[in-house]
Amino acid sequence: MKAVEVKDLTFSYDQETNAVEGVTFSVEKGTYTTIIGHNGSGKSTVAKLITGLLEKKSGSIVIDGLELNEDNLRELRNRIGIVFQNPDNQFIGSTVRDDIAFGLENHCVEQSEMDGIIEEFAAKVRMSDYLNHEPTRLSGGQKQRVAIAGVLAMHPDIIVFDEATSMLDPQGKEEIKKLINELHHDRGLTILSITHDIEEVTAGDYVIAMNRGKVAVCGTPEELFRDTDRLKSIGLQLPFALQFEEELAKQGVKISRNITMEGLVEELCRLNSNM
Amino acid sequence: MPIKFEHVSHIYSDGTPFRYVALQDTNLEFREGAFTALIGQTGSGKSTLVQHINALLLPSEGTVYVMDREIKAGSEPKGLKSLRKDVGLVFQFPEYQLFEETVLKDVAFGPKNFGISQAEAEEKAKAALRLCGLSQEYDERSPLELSGGQKRRVAIAGILAMDPKVLVLDEPTAGLDPQGALSMMKLFRDLNQKHGKTIIMVTHDMEQVFSFCDEVVVMEDGRPKIQTTVQEFFRDSSLCEEMNILPPALIRLKDALKKNGFEIDEDVKDIRTLAKLTAKQVKHHG
């Protein structure tokens, strides 16, 4: 079952050049897919198109088997949530409680049910103790957790994270990565994560690499990293383990193409222990 | 002349219920000509510290020495204008502060404010823009239509146009893609090595500290906890682990290999050296 199917998607901001051109990919339900590419490659535009925040020029977007159009836009937006990059640009309420309530109010949830729902989702993102806090008293990571709670309260099947950790400090990044992994593993949500973190890419199920508005590579992380020259030509870096493998090859030692540090260390140890 | 902090404390909202001690009895010296990284968790006092260097914040207690100037708690600071010309402070997301119609006007705004002619200011602006890798074709464009990375270069050029001796950078690559971040770091390295600027950079990125900086200051709870060379700091993973930060990939690999019986005794600064050492031992066993 496909969670997202995008076919021949094209979009232009200025009617002249296409920011997204002929993009086709699909995402299986329950998978963790990363989208990478340098700034200006069209990643965020794709995210905004599939969440219905931008209107396509041509092509089709199918969410959970339903083609996105003007009539079902509101309904489909409940199935696919999005968390943005800047924690300060998406905090609307004057307190954590108000912020989570905002989405619920827009969906005409009864006042009597509201508190229970807010508390449930605040607990899911470990923000129960902060319900009456103002945003100025929260860290970036905490604000992003509140944004995630607001999205979860809509009961989506799919969540798109648009560089949701890139403005956070290392501690905030870890908090959010852990939470995303929980949503994926424990709740079976389909995750689409736009990222520059090559280590996150290696941990995902699938990866879509974008370049100049088009899909350059679409497959598993292993498939992406197999073609080193292609990767470099679209301005992406190699995971550290592969950089090391290249350096070892220059020293006359051939090893297999490990994409993780653990795999690399394991293989080197095997080689070093006289086999 | 170095930049020196002597018993400096900074207290926000003193005398109110929101009183907050951001900097406590800090003693610290930044070496002239060095590229120093300032690291530590959010709330550890990094940003408060750097804002003292050009007297945007004044010490609540103690004295800050910046080159030949003295900024003392409780006394009116003198020569602020020349201090701010000498110390360029680049805030986080400086591109939010671009406001002029054209790139050239924006960059020329600073030097013009320091009392030189329009023509001279534009000369300085052009030189700073070229230094930041923005060719002449950008001069007459609106800063608003540039990409995030280009905007940030314009903002940094705006500081460089004032020809500061010291450059203070608060997370200068946050939000840029890896390629953009790398070329930005190379620019700072050039400014430090070829143009002799003293650089103090707040960062969370250990790969940057490892590859580009000379010295490290670790802030914790409003105090400098460690000050040492980059080489010493990354001798192994232990200092990083103690502070709950992920060491650079090269150091993690080196430590993992050592733990598993590889003999790597010397300091390893680059991937090639570690690959050489590893290859030698693997071949020996193979």
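From first to last, the protein sequence lines stand for chains A and B. Throughout, the working numbering is defined as the position within the first sequence, counted from one, plus 18. Throughout, the working numbering is defined as the position within the second sequence, counted from one, plus 53. For every residue, glycine included, the Cβ atom is placed at its ideal position computed from N, Cα and C.
Check, Outcome
"Do the CB positions of Gly55(A) and Ala227(A) come within less than 7 Å of each other?", "yes"
"Compute the Euclidean distance between the alpha carbons of Lys165(B) and Asp192(B), then round it to the nearest angstrom.", "16 Å"
"When Cβ atoms are compared, which residues of the stretch 230-244 of chain B fall closer than 8 Å to chain A?", "Asp230, Pro231, Gln232 and Gly233"
"Are Ala210(B) and Ala181(B) close, meaning C-beta to C-beta below 7 Å?", "yes"
"Less than 7 Å separating the beta-carbons of Gly5(A) and Thr213(A)?", "The question about residue 5(A) has no answer, for chain A in this structure spans 19 to 293."
"Going by DSSP, what residue range makes up the beta strand (DSSP E) through Val117(B)?", "Glu114 to Val119"
"Report the start-end ranges of each alpha helix (DSSP H) in the stretch 115-161 of chain A that is 4 residues or longer and not cut off at the edges.", "129-142"
"Take Leu306(B) and list the residues in its own chain whose beta-carbon comes closer than 6 Å to its own, dropping the five residues that flank it on each side.", "none"
"For the beta strand (DSSP E) that contains Asp192(B), what are its first and last residues?", "Counting along the chain, Asp192(B) falls outside any beta strand (DSSP E), and DSSP gives it neither H nor E."
"Under 7 Å between C-beta atoms, does His257(B) make it to chain A?", "yes"
"Would Ile102(B) be called buried (16 or more neighbouring beta carbons within 10 Å of its own) or exposed?", "In the sequence on display, residue 102(B) carries Leu and not Ile. So Leu102(B) ends up on the buried side."
"According to DSSP, is Ser184(A) part of a helix, a strand, or is it coil?", "coil"
"Any C-beta of chain A within less than 7 Å: which residues of the stretch 302-321 of chain B qualify?", "Ala302, Arg305, Leu306, Ala309, Leu310, Asn313, Gly314 and Phe315"
"Going by beta-carbon coordinates alone, are Gly58(A) and Val38(A) separated by less than 7 Å?", "no"
"Do Leu289(A) and Val321(B) come within 7 Å of each other at the CB atom, strictly closer than that value?", "no"
"Strictly below 8 Å CB to CB, what residues from chain A border Leu299(B)?", "Pro188"
"Once you ignore the five residues that flank Tyr31(A) on each side, which residues in its own chain have a CB closer than 7 Å to its CB?", "Ala37"
"Where Pro231(B) and Leu303(B) are concerned, what is the direct C-alpha to C-alpha distance, given to the nearest angstrom?", "17 Å"
"Gly60(A) CB to nearest chain B CB: under 7 Å?", "no"
"Using a beta-carbon distance below 7 Å, is His151(A) in contact with chain B?", "no"
"Report the residues of the stretch 270-288 of chain A with a CB closer than 8 Å to any CB of chain B, ordered along the chain.", "Gly270, Val271, Met279, Leu282, Val283, Leu286 and Cys287"
"Compute the minimum distance between the beta carbon of Asp230(B) and the heavy atoms of the ligand FAD, and state whether it is under 6 Å.", "No copy of the ligand FAD occurs in the structure displayed, which carries no ligand at all."
"Mind listing the chain B neighbours of Met185(A)? Cutoff is C-beta to C-beta under 7 Å, in chain order.", "Ala227 and Gly228"
"The alpha helix (DSSP H) spanning Phe258(A) covers which residue range?", "Phe258 to Lys268"
"Are there 16 or more other CB atoms within 10 angstroms of the CB of Leu84(A), so buried, or fewer, so exposed?", "exposed"
"Across the stretch 55-74 of chain B and the stretch 255-275 of chain A, are there enough close Cβ pairs to call them in contact, namely three or more that are closer than 8 Å?", "no"
"Please tell me whether Leu3(A) and Val45(A) are closer than 7 Å, where the distance is taken between their beta carbons.", "Outside the displayed span of chain A (19 to 293) sits residue 3(A), for which this structure offers no information."
"Quick one: Cα of Asp147(A) to Cα of Thr113(A), how far?", "12 Å"
"Check this for me: beta carbons of Val283(A) and Ala328(B), under 7 Å apart or not?", "no"
"Out of Lys204(B), Glu198(B) and Leu197(B), point me to the one whose CA is closest to Gly186(B)'s CA.", "Lys204(B)"
"I want to verify the contact list: residues of chain B whose CB lies under 9 Å from the CB of Gln255(A), in sequence order.", "Pro231, Gln232 and Leu235"
"Would you mind telling me which residues of chain B sit closer than 9 Å to Ser297(A), beta carbon to beta carbon, in chain order?", "For residue 297(A) there is no data in the structure shown, the boundaries of chain A being 19 and 293."
"Runs of 4 residues minimum, wholly inside the stretch 127-186 of chain B: which ones carry the alpha helix (DSSP H) assignment?", "133-139, 156-166 and 171-184"
"Gln334(B) versus chain A: which residues are under 7 Å apart at the beta carbon?", "Asn290"
"Return yes when the Cβ of Met272(B) is within less than 7 Å of the Cβ of Gly96(B), no when it is not.", "no"
"Just the chain D side, please: which residues come within less than 7 Å of Leu266(A) by C-beta, in chain order?", "The chain labelled as chain D is not found among the protein chains of the depicted structure, namely A and B."
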